[in-house]
Structures are given as C-alpha cells and as structure tokens.
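Numbering (this note's numbering), first residue to last: 97 to 231.
Backbone N, C-alpha and C define an ideal beta-carbon position, used for all residues, glycine too.
These numbers were taken from a predicted model, which means no experiment stands behind them.
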Amino acid sequence: MILLENSLFKLHYNPVTDILEATYPDFYDFLFTEIKDHMDKMVEIIHNYDIKRVLLNLTSSILSVNHEQNLALSSQLLLGIEKTRVEKLARLEAENDAGETSMYYSIEHLLRTENPPFQVKVFSTRDEALNWLKD
Numbered sequence: 097m098i099l100l101e102n103s104l105f106k107l108h109y110n111p112v113t114d115i116l117e118a119t120y121p122d123f124y125d126f127l128f129t130e131i132k133d134h135m136d137k138m139v140e141i142i143h144n145y146d147i148k149r150v151l152l153n154l155t156s157s158i159l160s161v162n163h164e165q166n167l168a169l170s171s172q173l174l175l176g177i178e179k180t181r182v183e184k185l186a187r188l189e190a191e192n193d194a195g196e197t198s199m200y201y202s203i204e205h206l207l208r209t210e211n212p213p214f215q216v217k218v219f220s221t222r223d224e225a226l227n228w229l230k231d
C-alpha cells in the first residue's frame with residue numbers, strides 16, 4: 097500500500113510484514129529544506145501507522161549534500177524515529193560511493209552518541225535487509 101508518493105519520496109507499507117519501505121530521492125543541497133520537511137512527514141506516518149520496521153532504500157540516490165547537512169538530516173530522522181515504536185531500521189547503501197561514505201560516518205557518529213532504542217543495520221542488498229527486518 098502506497099502511503100506517500102511524490103517527486104521526492106515513495107513510502108510503501110506492507111501491513112502483513114509491518115515493513116515500511118522508503119525510497120529516497122537524490123540528496124542535493126538545494127533540496128535540503130524540502131527533504132527535511134518530507135522526513136518529518138515520514139516520521140508522522142510511521143507514528144500514525146504504528147510501524148515497527150523501516151527500510152530506507154538509498155540504492156539509486158545521489159548523495160551530494162555536505163557533511164553538515166548529511167549529519168543534520170540523519171540526526172533529524174533518527175531523533176524523530178526515536179519517538180515512535182520502531183524496533184528495526186534497515187538502510188540500503190547508496191551506489192554513489194562518495195556520498196555513501198559521508199552518510200555512513202554520519203550515521204555511525206549518531207549511533208555512538210544517541211544510542212537509539214531500536215536496532216539499526218546497513219545492507220548492500222534489499223533481500224538481506226528484508227530478511228533481517230522480518231527476523
């Protein structure tokens with residue numbers, strides 16, 4: 097079931113597995129504010145549907161925001177999801193190596209400093225991520 101679809105995000109929810117798959121847009125600095133607003137909408141949907149498992153799909157995303165913007169987006173999402181009942185968060189790696197490295201370090205930093213009440217894991221394939229979320 098599609099919960100949100102626009103030029104930036106697509107949120108597909110499977111109520112049988114209780115998994116929300118968020119297909120991410122390209123992250124360009126000129127879209128920073130709009131992406132932040134859409135992340136808030138995603139967190140609101142996660143809360144309203146009481147979703148427990150989330151898959152962030154960045155496989156086809158171009159990540160070209162700077163490190164500070166990347167950290168701000170990751171922090172906003174992590175802190176928002178902490179206010180929900182999410183138990184597992186899986187993230188698919190972006191194929192853009194330079195952007196993926198920045199995203200990886202931002203998330204690692206946040207996991208060390210914030211210690212979220214849910215599990216977070218990064219995967220290179222969708223099948224691996226879905227299997228982990230279902231487990």
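What whole-angstrom Cβ distance do Val139 and Ile177 have, given they're in contact under 8 Å?
The Cβ separation is near 6 Å, so the contact holds.
Can you list the beta strand (DSSP E) stretches of 3 or more residues lying completely in the segment 133 to 176, in chain order?
List check, beta strand (DSSP E) in window: 149 to 153.
Can the beta-carbon of Ile203 be found closer than 9 Å to that of Val216?
Their beta carbons are under 9 Å apart, which means Ile203 touches Val216 by this criterion.
May I ask which residues mark the beginning and end of the beta strand (DSSP E) holding Ala190?
Unbroken run through Ala190: none, as it is neither H nor E.
Comparing the CB of Lys179 with every heavy atom of the ligand MN, is any distance shorter than 8 Å?
Ligands in the displayed structure: none, and consequently the ligand MN is not present.
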